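To start, the structure itself, in structure tokens.
Protein chains: 2
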Amino acid sequence: MQGKSPVLLVCEHASNHIPSRYNRLGLTDKAVQSHIAWDPGALDVAQHLVKMLDAALVAQKISRLVYDCNRPPSSPDAMRAISEIYRIPGNENLTAADIQARIDTVYTPFRTTLGQTIEQRITDGFDPVIVTIHSFTPEYNGKPRDVEIGILHDVDSRLADKMLGLADQKYNIQRNAPYGPDDGVTHTLLDQAVSRGLKNVMIEIRNDLLETLQGRHDVVIWLAELISSAIISEKEVA
Amino acid sequence: MQGKSPVLLVCEHASNHIPSRYNRLGLTDKAVQSHIAWDPGALDVAQHLVKMLDAALVAQKISRLVYDCNRPPSSPDAMRAISEIYRIPGNENLTAADIQARIDTVYTPFRTTLGQTIEQRITDGFDPVIVTIHSFTPEYNGKPRDVEIGILHDVDSRLADKMLGLADQKYNIQRNAPYGPDDGVTHTLLDQAVSRGLKNVMIEIRNDLLETLQGRHDVVIWLAELISSAIISEKEVA
Chain L
1 MQGKSPVLLV CEHASNHIPS RYNRLGLTDK AVQSHIAWDP GALDVAQHLV
51 KMLDAALVAQ KISRLVYDCN RPPSSPDAMR AISEIYRIPG NENLTAADIQ
101 ARIDTVYTPF RTTLGQTIEQ RITDGFDPVI VTIHSFTPEY NGKPRDVEIG
151 ILHDVDSRLA DKMLGLADQK YNIQRNAPYG PDDGVTHTLL DQAVSRGLKN
201 VMIEIRNDLL ETLQGRHDVV IWLAELISSA IISEKEVA
Chain H
1 MQGKSPVLLV CEHASNHIPS RYNRLGLTDK AVQSHIAWDP GALDVAQHLV
51 KMLDAALVAQ KISRLVYDCN RPPSSPDAMR AISEIYRIPG NENLTAADIQ
101 ARIDTVYTPF RTTLGQTIEQ RITDGFDPVI VTIHSFTPEY NGKPRDVEIG
151 ILHDVDSRLA DKMLGLADQK YNIQRNAPYG PDDGVTHTLL DQAVSRGLKN
201 VMIEIRNDLL ETLQGRHDVV IWLAELISSA IISEKEVA
């Protein structure tokens with residue numbers, strides 16, 4: 001079992017891989033490379049955090065355009081037919097069988113693997129801390145975003161509060177930005193962590209910070225320090 | 001500090017007391033005695049459970065018609081102007097100052113007391129288990145209800161699942177009935193327990209079961225046994 005720290009990292013949007021049977025969902029290569037298909041840089045950050053924090057990691061290897069694993073099957077965003085300025089032809093007019101196949105082959109295996117990993121770590125004596133790693137685009141629908149790193153939470157804000165309290169001003173840090181629980185982005189947190197009473201947080205990193213090696217390095221060092229400090233601080237309080 | 005077990009009972013609708021300055025909210029005595037003003041029998045059940053489980057208890061001493069402490073200030077149900085078949089004249093046309101006064105004198109003190117009690121018990125080494133006790137009317141808007149005891153939960157169903165798995169068939173037990181999280185009744189659970197990662201459940205008892213001493217006795221014995229078993233079972237799993 002990887003990871004001697006309680007931190008379990010999750011990367012739902014790690015990859016832009018679209019299995020060949022989906023014919024790129026009718027998209028251009030440019031669209032498949034873009035942030036609509038994945039969170040560029042997020043997996044790399046997560047993998048470096050694995051090493052720095054001695055953490056475990058569960059990452060999805062299929063594009064969120066096939067199925068967005070941070071959404072339940074009931075969400076209209078689970079298999080979007082439109083994302084920002086892009087039409088996604090391969091997600092239009094899906095049959096019930098198409099939808100069920102995506103749930104069965106993408107969402108359910110990911111959810112099961114993540115749930116089993118958490119349960120195994122509890123069995124192994126850990127009190128898991130769930131940290132999901134995401135990236136977001138500097139502009140959305142043409143509007144620039146000031147926030148550089150978002151610290152997101154749903155009803156259980158224990159870890160997010162601690163991180164926001166400890167964070168220095170190196171980056172523009174904001175609570176529940178550029179999205180928040182009302183946007184439906186806390187599904188993994190609720191479904192996997194809050195449901196089990198586990199401390200949790202979702203980290204959103206503006207992806208222009210991750211474009212250079214130096215930029216990624218800086219973000220990873222900063223995040224590793226902040227997550228460690230918040231967890232130690234949590235332990236002292238408990 | 002009362003209570004050597006981890007169980008902290010909560011009774012938001014314990015009392016039908018309306019402070020005299022509210023002039024009974026314009027209601028008849030009959031309405032103030034009815035279930036719209038409180039959960040008849042719930043406090044008595046909670047007080048007996050305190051003894052049987054060696055639990056702590058936080059109960060609201062003011063009617064939910066003045067302020068329903070199982071609702072946040074943002075909820076339209078926090079100070080209802082209509083409840084089932086009753087108009088509540090004293091809740092019509094409230095000014096912003098009226099609303100704020102009720103929040104400040106009823107909701108906030110209750111929420112603060114409950115939160116501080118939980119924090120103190122955590123400081124004292126407990127891992128609190130939050131159990132809220134409610135009762136409901138056998139008929140609602142003329143329609144009879146089959147469910148006798150509801151086991152309610154929001155996103156963290158750990159304790160509810162355990163109780164539902166262990167419960168015998170003495171009563172008609174149902175999950176999230178006659179209400180559920182979509183009806184906004186899990187505010188206390190979310191705000192006080194789920195936010196802290198604490199196991200929690202809301203118990204709804206059909207109030208005709210509580211009309212006789214024998215009926216209350218039977219329900220209390222049954223609930224005490226079920227709650228204890230579920231908590232012990234939870235410990236074994238952990």
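As you go down the protein sequences, you meet chains L and H in turn. Under my numbering, the first residue of the first sequence is numbered 1, with each subsequent residue one higher. Under my numbering, the first residue of the second sequence is numbered 1, with each subsequent residue one higher. Ideal Cβ positions, reconstructed from N, Cα and C, are used throughout, including at glycine. Keep in mind it's a predicted model, so treat the numbers as computed, not measured.
- Contact of G180(H) with chain L is not assigned, every C-beta pair being separated by 8 Å or more.
- Counting only residues of its own chain and dropping the five nearest sequence neighbours on each side, Q2(L) has a CB closer than 6 Å to the CB of A56.
- Interface residue (Cβ-Cβ distance to chain H less than 8 Å): G184(L) is not classified as such.
- When Cβ-Cβ separations below 8 Å define contact, D218(L) makes no contact with chain H.
- With fewer than 16 other Cβ atoms inside 10 Å of its own Cβ, Q33(L) counts as exposed.
- Membership of H134(H) in any alpha helix (DSSP H) is not indicated; the residue belongs instead to the beta strand (DSSP E) covering V129 to F136.
- Using a C-beta cut-off of 8 Å, the region 92-100 of chain H makes no contact with the region 163-172 of chain H, since fewer than three inter-stretch Cβ pairs fall below that distance.
- For R196(L) against R158(H), the beta-carbon gap comes to about 7 Å, under 8 Å, which counts as contact.
- From the listed residues A37(L), W222(L), V220(L) and K162(L), the smallest Cα separation to I85(L) is found for A37(L).
- Between L9(H) and D183(L), the alpha-carbon positions lie close to 34 Å from each other.
- Taking all protein chains shown into account, L213(L) has fewer than 16 neighbouring C-beta atoms within 10 Å of its C-beta and is therefore exposed.
- For the 8 Å CB-CB criterion, A193(L) and V147(L) do not form a contact.
- Put simply, the CB of R196(L) is near chain H, with a gap under 8 Å to one of its CB atoms.
- Annotation for K199(L): V129, R158 and L159 place their beta carbon closer than 6 Å to its own, counting only its chain and skipping 5 residues before and after.
- Counting only runs of at least 4 residues, the region 15-43 of chain L fully encloses the following alpha helix (DSSP H) elements, listed from N- to C-terminal order: 29-33.
- Taking C-beta atoms as the reference points, V7(H) and L53(H) count as a pair closer than 8 Å.
- Taking a C-beta distance under 8 Å as the contact criterion, H187(H) and P72(H) qualify as a contact pair.
- L213(L) sits in a helix when the DSSP states are folded into three classes.
- For Q60(H), the number of other beta carbons within 10 angstroms of its own is at least 16, and it is reported as buried.
- Closer than 9 Å at the C-beta level to chain H, one finds these residues of the region 137-168 of chain L: D154, V155, D156, S157 and R158.
- Under the rule that a run must span 3 or more residues, the beta strand (DSSP E) segments found entirely inside the region 161-238 of chain L read 173-175 and 200-206.
- Excluding the 5 residues flanking it on each side, Y179(L) has same chain C-beta neighbours closer than 6 Å at V185, in chain order.
- Under the three-state reduction of DSSP output, Y140(L) falls in the strand class.
- In the DSSP assignment, A97(H) falls within the unbroken alpha helix (DSSP H) covering A96 to R102.
- Residue-level contact check: K30(L) does not touch chain H, since none of the beta carbons of chain H fall below 8 Å from its beta carbon.
- The C-beta of R64(L) has 16 or more other C-beta atoms within 10 Å across all chains shown, which makes the residue buried.
- Interface flag for L9(L) against chain H is unset, since no Cβ pair is found closer than 8 Å.
- Among the residues facing chain H, K61(L) is not included, as its CB has no counterpart in that chain under 8 Å away.
- Per the coordinates, the alpha-carbon of Q47(L) lies some 13 Å from the alpha-carbon of E12(L).
- In the three-state reduction of the DSSP assignment, Y67(H) falls in the coil class, being assigned neither a helical nor a strand state.
- For K170(H), not one C-beta of chain L is nearer than 8 Å to its own C-beta.
- V220(H) sits close to V45(H), with the two beta carbons spaced by under 8 Å.
- In the three-state DSSP reduction, I88(L) falls in the coil class, being neither helix nor strand.
- The beta-carbon separation of L152(H) and G41(H), rounded to 17 Å, does not stay under the 8 Å limit for a contact.
- Linking Y107(L) to Q174(H) through their CA atoms gives a straight-line distance of about 29 Å.
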